Amino acid sequence: MRAMVYRGPYKIRVEEKDIPSIEHPNDAIVRVTLGAICGSDLHLYHGMMPDTRVGMTFGHEFIGVVHEVGSSVRNLKVGDRVMVPFNIFCGSCWFCARGLYSNCHNVNPNATAVGGIYGYSHTCGGYDGGQSQFVRVPFADVGPALIPEWMDDEDAVLLTDAVPTGYFGAQLGEIVEGDVVVVFGAGPVGLVAARSAWLMGAGRVIVIDHLEYRLEKARSFAHAETYNFTEYDDIVVEMKKTTDHLGADVAIDAVGAEADGNFLQHVTSAKFKLQGGSPVALNWAIDSVRKGATVSVVGAYGPLFSAVKFGDAMNKGLTLRMNQCPVKRQWPRLFEHVRNGYLKPSELVTHRFPLEHIAEGYHVFSAKLDGCIKPIVVPSAA
Amino acid sequence: MAYTPHRPPLAESADQLRARIPGWGADLDPKDRPSVPKLQFREDLTGAHWEFPDRQPEKWPRERSIEHKFLTPVFGTACPPKGLSGVLRKLSYRRYSEGVPRTGCC
């Protein structure tokens with residue numbers, strides 16, 4: 001089969017690989033019909049995530065058709081069209097039994113601090129991902145779901161990570177009616193977080209980024225006010241001014257490890273790998289909210305420490321809430337919202353790349369070229 | 383404002399927001415959101431028909447965190463450790479807990 005293969009930072013190509021085989025009785029092999037490149041894939045692409053091995057296939061956002069099932073699989077059959085959450089999870093460990101699918105303890109031998117994720121380094125379990133023609137899907141009775149007849153494929157693929165993560169980020173913010181919500185980052189996750197804040201009754205939603213085309217999307221897709229932080233001396237002071245010096249009630253970090261906006265943070269994280277990530281957006285979030293507020297973190301950071309302003313967070317009495325999104329837990333409600341027209345995930349899609357041209361897709365997405373917000377990957381077998 | 387008991391007024395009322403933004407307030411009740419409360423016991427184990435899963439065969443000595451009690455029942459098999467980097471990885475996994483930087487980025 002053809003698959004994207006990591007060759008080192010900023011180097012990927014498409015190669016021949018063996019079609020994955022059943023390795024556990026509850027595995028399925030899925031033929032990928034549509035995949036996507038996630039902003040967090042760029043952390044891998046840039047060499048930010050520890051134990052990302054040469055030869056690995058990335059991709060944790062994909063849908064497909066069941067090609068083969070293991071002997072204990074009961075809920076899926078060959079030919080089913082399925083959407084697969086980015087979390088790999090068993091359903092039965094202490095964490096899964098309580099709905100924390102993203103924190104599953106039975107799928108990642110490499111670390112206890114994070115669950116299993118498709119195509120996301122050995123830090124997340126060492127599973128090949130779905131930027132390929134076929135992918136191994138462990139615990140087929142637990143993770144995947146049939147794609148509803150009425151759902152578009154592009155909506156479905158965005159529901160495997162970006163949309164539920166944004167929606168989850170808004171939930172972590174504990175938004176109540178009338179709250180002022182500030183979202184850092186106008187990528188797909190931030191845009192959905194901003195849109196979701198309205199569903200939860202926000203009274204005002206502000207999105208901050210430095211890319212004008214993404215801020216335009218924040219205005220049209222998420223109905224948000226926008227601020228380009230490069231136009232202000234200090235975006236934190238600007239947030240204070242616009243909230244009559246109270247500060248926002250909720251802030252959401254939808255940026256994560258590779259935030260721009262501070263040279264020292266950028267150099268120590270992206271260039272020298274001395275931090276798990278550049279927490280510029282997180283620090284701005286901490287400083288932009290009012291005392292007693294909630295800061296939600298859904299941006300991805302590496303396992304190393306990061307220079308986060310915990311002193312300010314403590315002194316302000318903030319609640320910091322964060323996790324990888326337990327995707328399947330969000331689906332029933334999100335399916336309703338998509339069906340009701342409250343969310344239209346495919347509106348975020350700007351580019352479609354054949355799998356054979358995925359290197360170009362990574363470059364365009366990474367360099368923020370051509371108005372790229374969300375690139376979709378189409379395997380040739382689809 | 384921050385210096386008095388009152389919140390700064392919002393520019394739009396709930397009715398105005400509901401009229402302008404499709405779905406405004408659909409998840410208004412904080413208790414009626416999918417991830418609230420954080421811990422929710424799933425009686426059906428989300429489709430799992432086991433309490434502890436069958437073990438995936440270990441075809442080579444699979445490196446694992448020493449913070450785990452044992453090798454997890456299911457694991458990825460991409461890119462087994464090999465060569466010098468593989469030796470370093472295996473040594474690192476065997477020796478250090480997760481709080482200690484173990485391996486390089488590639």
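For the record, the sequence lines run as chains A and B.
Going by the working numbering, the first sequence opens with residue 1, and the numbers climb by one from there.
Going by the working numbering, the second sequence opens with residue 383, and the numbers climb by one from there.
Glycine included, C-beta positions come from ideal geometry on N, C-alpha and C.
Bear in mind that the values here come from a model prediction, so they are computed numbers and not experimental data.
Residue nearest to residue i in terms of C-alpha spacing, selected from the options
i, options, result
"Pro9/A", "Asp41/A, Gly47/A and Ala3/A", "Gly47/A"
"Arg446/B", "Ser417/B, Ser474/B, Gly481/B and Arg402/B", "Ser474/B"
"Lys413/B", "Lys11/A, Glu174/A and Arg7/A", "Glu174/A"
"His89/A", "Lys77/A, Lys241/A and Cys104/A", "The sequence as given places Phe at residue 89/A; His does not occur at that position. Out of Lys77/A, Lys241/A and Cys104/A, Cys104/A has the C-alpha closest to the C-alpha of Phe89/A."
"Tyr478/B", "Trp94/A, Met83/A, Ala111/A and Glu360/A", "Ala111/A"
"Ala300/A", "Leu334/A, Ile252/A and Ile286/A", "Ile252/A"
"Thr319/A", "Thr294/A, Ile376/A, Ile29/A and Ala113/A", "Thr294/A"
"Val183/A", "His210/A, Leu159/A, Asp161/A and Val157/A", "His210/A"
"Gln265/A", "Ser306/A, Glu225/A, Val349/A and Gly302/A", "Ser306/A"
"Leu76/A", "Ile147/A, Thr123/A and Arg214/A", "Ile147/A"
"Asn26/A", "Leu159/A, Ala222/A, Asn323/A and Asp141/A", "Asp141/A"
"Ala36/A", "Ala197/A, Thr243/A, Tyr120/A and Val157/A", "Val157/A"
"Asp51/A", "Ser72/A, Met4/A, Cys124/A and Asp80/A", "Cys124/A"
Euclidean distance between Cα positions of residue i and residue j
i, j, result
"Trp406/B", "Gly256/A", "27 Å"
"Pro279/A", "Arg74/A", "44 Å"
"Leu369/A", "Arg290/A", "35 Å"
"Asn87/A", "Leu34/A", "17 Å"
"Arg444/B", "Leu453/B", "8 Å"
"Lys420/B", "Gly99/A", "8 Å"
"Thr230/A", "Arg437/B", "53 Å"
"Arg329/A", "Ala218/A", "26 Å"
"Val338/A", "Ser467/B", "46 Å"
"Gln275/A", "Gly261/A", "16 Å"
"Lys451/B", "Gly277/A", "29 Å"
"Cys488/B", "Arg402/B", "Since pLDDT at Cys488/B reaches only 38, below the 50 mark, its modelled position is unreliable, and the value read off the structure follows with that caveat. If I take the Cα positions, the gap works out to 49 Å."
"Arg53/A", "Cys38/A", "18 Å"
"Val297/A", "Gln171/A", "11 Å"
"Glu360/A", "Val207/A", "28 Å"
"Val377/A", "Asp426/B", "34 Å"
"Thr459/B", "Ser395/B", "55 Å"
"Ala383/A", "Phe139/A", "The structure shown does not extend to residue 383/A, since chain A is modelled only from 1 to 382, so the question has no answer here."
"Leu470/B", "Asp152/A", "46 Å"
"Tyr195/A", "Asp161/A", "Residue 195/A is actually Arg in this sequence, not Tyr. About 16 Å."
"Asp287/A", "Thr226/A", "18 Å"
"Thr485/B", "Val418/B", "With a pLDDT of 46 at Thr485/B, under the threshold of 50, the modelled position of this residue cannot be trusted; read the value that follows with caution. Their Cα atoms are separated by approximately 37 Å."
Under 8 Å from the C-beta of residue i: neighbouring residues of chain B
i, result
"Asp234/A", "None at all; the shortest Cβ gap to chain B is about 18 Å."
"Pro188/A", "Within chain B, no residue comes near Pro188/A; the closest Cβ sits about 18 Å away, beyond 8 Å."
"Glu258/A", "None at all; the shortest Cβ gap to chain B is about 13 Å."
"Gln330/A", "Pro416 and Ser417"
"Pro326/A", "Ser417"
Proximal chain A residues relative to residue i, where beta-carbon distance stays under 8 Å
i, result
"Ala430/B", "Cys90, Gly91, Ser92, Cys96, Phe139, Asp141 and Val142"
"Gln398/B", "The contacting residues do not exist; Gln398/B stays about 10 Å from chain A at best."
"Arg424/B", "Gly91, Cys96, Ala97, Arg98 and Gly99"
"Gly465/B", "In chain order: nothing, as chain A lies at least about 10 Å away."
"Leu421/B", "Arg98, Gly99 and Leu100"
Within chain B, partners of residue i - CB distance below 7 Å
i, result
"Ala111/A", "Ser447 and Glu480"
"Pro25/A", "Asp436"
Exposure of residue i, with buried meaning 16 or more beta-carbon neighbours within 10 Å
i, result
"Asn315/A", "exposed"
"Ser132/A", "buried"
"Asp155/A", "buried"
"Pro85/A", "buried"
"Phe168/A", "buried"
"Glu61/A", "buried"
"Leu42/A", "buried"
"Arg31/A", "buried"
"Ala113/A", "exposed"
"Thr165/A", "buried"
"Tyr385/B", "exposed"
"Asp234/A", "exposed"
Bridge partners - residue i, DSSP secondary structure assignment
i, result
"Thr319/A", "Thr294/A"
"Glu440/B", "Glu440/B pairs with nothing; no bridge assigned."
"Pro375/A", "His351/A"
"Thr226/A", "Val207/A"
"Gly8/A", "Lys11/A"
"Glu258/A", "Ser278/A"
"Ala36/A", "Ile376/A"
"Ala145/A", "Met83/A"
"Arg389/B", "According to DSSP, which records beta bridges pairwise, Arg389/B is partnered with nothing at all."
"Phe184/A", "Ile208/A and Asp253/A"
Interface residues of chain A facing residue i [CB-CB closer than 7 Å]
i, result
"Arg444/B", "Pro109"
"Pro404/B", "Gly341 and Tyr342"
"Pro390/B", "Thr243, Asp244 and Leu246"
Interface residues of chain A facing residue i [CB-CB closer than 9 Å]
i, result
"Val418/B", "Gln171 and Glu174"
"Pro455/B", "His24, Cys90, Asn106 and Val107"
Within chain B, partners of residue i - CB distance below 9 Å
i, result
"His266/A", "By Cβ distance, chain B contributes nothing, its closest Cβ being about 16 Å from His266/A, past 9 Å."
"His67/A", "Correct list: empty, because the minimum Cβ distance to chain B is about 18 Å."
"Met151/A", "Near Met151/A there are no residues of chain B at all, since even the closest Cβ is about 17 Å away, more than 9 Å."
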